[in-house]
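Mapped onto our numbering, the consecutive letters of the sequence shown carry residue numbers 6 to 418. No residue lacks a Cβ here, since even glycine has one placed at the ideal position from N, Cα and C.
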Amino acid sequence: MTAPTAPFTPPEADDPLPIHGDAFSADPHATYDRLRARGPIAPVEISPGVYGYLAVGYRAAVYLLRNTPARFAKDPGQWEALKKGEVPADSPAALMMHPRDNALWKDGPDHARLRKAITTSMARVDTHALVSSVNAIADHLIDVFSTEGKADLVAQYAEPLAMLTVIYLFGSPPELGEQIVYAVTRLFDAGADAAQANADLEKACLELTRLKRERPRHDVTSHLIEAGLTDSEMAQTILLVFGAAAPPTASHIGHGLRRVLTDESFAGSVHDGVRPVSDALEELLWENPPIPNYSPLYALGEQSFEGVHLAPGYPILVSFAGANGDPGLKVPPAARAGNRGHLGFSAGVHACPAPDLARVIAETALERALDRLPGLDLAVPDSELRNRPGTFLAGLTALPVMFHPDTRTAIGR
């Protein structure tokens, strides 16, 4: 028997909980718990004045993701408030959710064509060369602070390593690549300058497209061009892949380093070789997925899930963090190592197209830091570490550490 469906009321009139602001960022799981008490999918305020729903139950999240595009669409043209001009053009949420000419926001044949361009291009990446490049980038970054005995491993290691690695993959000139990563991170943060960040980002991605059309090389950008993408599709696809690769990977590396430094059982298993770094990082994707909330969907017609009425025209976001933490999901912590049932890379036809490359980058970066920084420890109490603000990207604002200074020169290593 189908569970009775509650009468529908729009999210803005149904006591929505905010998933933005300092209180949410300080303890997002408290909000997920409150939402889960209301149902597997509950009304939220995504950013000031922007309303929708958030799937916080694991079964609900998988249902939504696995039933796209059969029952749910990615096309933001389905968003009634956006069509009516009721969403401010400079709204941080709107800028993260408005229509773009790339695979993430397409359904059907257009999605298949644009996604194939990405997967084919990423499949041509030489993973052995990638590992060598990540190690070289890591060594270069560590050499800068290794003699100091202290560092901020977010600002001085995780963020620049992820940025430089993606620049390498895309064959971007360093300055242009830095502009793209800086702009996409600001867009993810959904702050007051999100509109300017979006403009800067689109301009830089188009510039990289035109540069590679003139001088193609063996890199992801040039391979995307070979797929026959238009300038608009190229710019928006570069934006998508840079955004999915650099800031989330930096956050994942930061989370991994924090865990090694704060959880003795975790640290011991990694340092002693009992558990590989890959298992440790996989476990973190259960607890701290770098992209905690995203993947807006729109119901194609009136629908319901476990008694929750889903009307067309409203964005339904998936909380990957909330779903992974669903108490109804019987996956104890001891069973999470190596378990890839999490939603850290999403699921369904819009899942991350290159999760193994992301894993290679994070694993290599974490292993290199542990090898190069003996005596590594937090320089402040764990309770003083802060999460970055925002709805769409989870990470630390800083990770101050101390270690035994390297008295050798970089050349002498």
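DSSP lists Ala78 as the beta-bridge partner residues of Tyr303.
For Gln161, no beta strand (DSSP E) segment is defined, and its DSSP state is neither H nor E.
Residues of the same chain with a CB within less than 7 Å of the CB of Gly261, apart from the 5 flanking positions on each side, are Ala285, Leu286, Leu289, Ala367, Leu371 in chain order. Following the DSSP letters along the chain, one finds Ala28 inside the alpha helix (DSSP H) bounded by residues 27–31.
With a threshold of 16 other beta carbon atoms within 10 Å, Ser256 meets it and is buried. At the C-beta level, Arg41 and Leu22 stay beyond 8 Å of one another. Less than 8 Å divides the Cβ of Leu100 from the Cβ of Leu192. Using a Cβ distance threshold of 8 Å, Val130 and Ala403 do not count as a contacting pair.
Going by C-alpha positions, Asp148 is about 9 Å away from Arg377.
A Cβ-Cβ separation of about 7 Å places Trp84 in contact with Tyr303 under the 8 Å criterion. The residues Gly62, Ala65, Glu311, in chain order, have a CB closer than 6 Å to that of Pro45 in the same chain once the five nearest residues on each side in sequence are set aside. In the three-state reduction of the DSSP assignment, Asp131 falls in the coil class, being assigned neither a helical nor a strand state.
Burial check for Pro16: the Cβ neighbour count within 10 Å reaches 16 or more, so the residue is buried.
Shortest Cα-Cα distance from Ala204 to any of Phe350, Pro320, Ile296, Pro97 involves Pro97. Relative to the Cα of Ile243, the nearest Cα in the group Asn293, Arg120, Glu153 belongs to Arg120. With respect to Asn392, Ala399 sits close: the two C-beta atoms are nearer than 8 Å. For Ser324, no alpha helix (DSSP H) run applies; the uninterrupted beta strand (DSSP E) run containing it begins and ends at 321–324, by DSSP. Three or more Cβ pairs closer than 8 Å define a contact, and the region 73–91 falls short of that threshold against the region 198–214. For Glu17, no alpha helix (DSSP H) segment is defined, and its DSSP state is neither H nor E.
In summary, His145 is exposed, with fewer than 16 beta-carbon neighbours lying within 10 Å of its beta-carbon over all protein chains present.
Here the alpha carbons of Leu206 and Gln241 stand approximately 9 Å from one another.
Look at the beta carbons and you see the region 172–181 touching the region 226–236: at least three pairs across the two are nearer than 8 Å. Taking a 10 Å sphere around the C-beta of Thr132, we find fewer than 16 other C-beta atoms and assign the residue as exposed. Contact between Pro297 and Pro33 holds, since their C-beta atoms are separated by about 6 Å, short of 8 Å.
For Ile24, the closest C-alpha among the options Gly306, Ala326, Glu307 is that of Ala326. Rounded to whole angstroms, the separation of the alpha carbons of Asn72 and Lys111 is 15 Å. Burial state of Pro379 is exposed, judged by a 10 Å Cβ sphere holding fewer than 16 other Cβ atoms. In its chain, beyond the 5 residues on either side, Thr214, Leu229, Ile230 have a beta carbon closer than 7 Å to the beta carbon of Met239. The beta-bridge partner set that DSSP reports for Phe310 consists of Val313.
C-alpha of Ala163 to C-alpha of Asp382: approximately 16 Å in a straight line.
Shown here, Glu180 sits in a helix according to DSSP, grouped into three states. Residue pairing from DSSP places Ala60 in a beta bridge opposite Ile46, Val323. Relative to Gly57, the option among Ser324, Val171, Asp27, Gln201 whose CA is nearest is Ser324. The beta-carbon distance between Val365 and Leu135, rounded to whole angstroms, is 6 Å. This is short enough to meet the 8 Å contact definition. In this structure His409 is exposed. Its beta-carbon is surrounded by fewer than 16 other beta-carbon atoms within 10 angstroms. In the three-state scheme derived from DSSP, where H, G and I count as helix and E and B as strand, Asp411 is classed as coil.
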